[in-house]
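Asks:
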Amino acid sequence: MTFEVLAEPVRRRILDLLRERPRLVGELTAELGLSQPGTSKHLRVLREAGLVKVRADAQRRWYELDPAPLAEVDEWLAPYRWMWADRFDALERHLDADAEET
Numbered sequence: 001m002t003f004e005v006l007a008e009p010v011r012r013r014i015l016d017l018l019r020e021r022p023r024l025v026g027e028l029t030a031e032l033g034l035s036q037p038g039t040s041k042h043l044r045v046l047r048e049a050g051l052v053k054v055r056a057d058a059q060r061r062w063y064e065l066d067p068a069p070l071a072e073v074d075e076w077l078a079p080y081r082w083m084w085a086d087r088f089d090a091l092e093r094h095l096d097a098d099a100e101e102t
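End of the sequence shown = 102 in the UniProt record's numbering, gap-free, step of one.
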């Protein structure tokens, strides 16, 4: 389920914003350029997936990131990291060679 939820770019953007700090729906709506119902729909999906927690403060609801379900994604990605590491090493060698030439 986590992968399905993360497939939506708006939801990933919400998680990026919540990674910085907890936010109110109005803040997220303004940052995303969505309607309040649209933002709330994405937040509901994220809550149901366990990626977002809600904290009530009087009439306000603060949304904050719960990174625990992302461990599943991290675990799945682990076997693929070697490919990125090799490519970054190759890029570094290429950039170093360019720097020596100039």
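The C-beta atom is built at its ideal place from N, Cα and C for all residues, glycine as well. Source: prediction; values computed, not measured.
Cα-Cα, which of Ala-30, Glu-8, Leu-77 and Gly-26 is closest to Ala-49?
Replies: Along the sequence shown, read from residue 1 onward, the residue named residue 49 stands at position 49. Nearest option by C-alpha distance: Glu-8.
Asks: What is the residue span of the alpha helix (DSSP H) that Gln-19 lies within?
Replies: Counting from 1 along the sequence shown, the entry for residue 19 is found at position 19. One point to set straight first is that residue 19 is Arg, not Gln, in the sequence displayed. Per DSSP, Arg-19 belongs to the alpha helix (DSSP H) from 9–20.
Asks: Specify, as a first and last residue, the run of the beta strand (DSSP E) that Asp-57 falls within.
Replies: Walking along the sequence shown from the start, residue 57 turns up at place 57. First-last of the beta strand (DSSP E) with Asp-57: 52–57.
Asks: At what residue ranges does the segment 72–98 contain a whole run of the alpha helix (DSSP H), taking only runs of 4 or more?
Replies: Within the segment 72–98, no complete alpha helix (DSSP H) run reaches 4 residues.
Asks: For Leu-34, which three-state DSSP category applies?
Replies: The count along the sequence shown starts at 1 and reaches residue 34 at position 34. It is coil, neither helix nor strand.
Asks: Give me the Cα-Cα distance between Arg-93 and Ala-58, rounded to the nearest whole angstrom.
Replies: In the sequence shown, the residue the question calls residue 93 occupies position 93. In the sequence shown, the residue the question calls residue 58 occupies position 58. Cα to Cα, Arg-93 sits roughly 56 Å from Ala-58.
Asks: From the DSSP output, which residues share a beta bridge with Arg-44?
Replies: Residue numbering aside, residue 44 sits at position 44 when the sequence shown is read from its first letter. For Arg-44, which the question treats as bridged, DSSP gives no partner whatsoever.
Asks: Count the C-beta pairs between the segment 68–86 and the segment 36–45 that are closer than 8 Å, then say yes if the count reaches three, no if not.
Replies: No, because fewer than three Cβ pairs between the segment 68–86 and the segment 36–45 fall closer than 8 Å, the two stretches do not touch.
Asks: If we count the other Cβ atoms within 10 Å of its Cβ and call it buried at 16 or more, is Arg-11 buried or exposed?
Replies: For the purposes of this step, residue 11 is taken as residue 11 along the sequence shown, with counting starting at 1. It is buried - the Cβ of Arg-11 has at least 16 other Cβ atoms within 10 Å.
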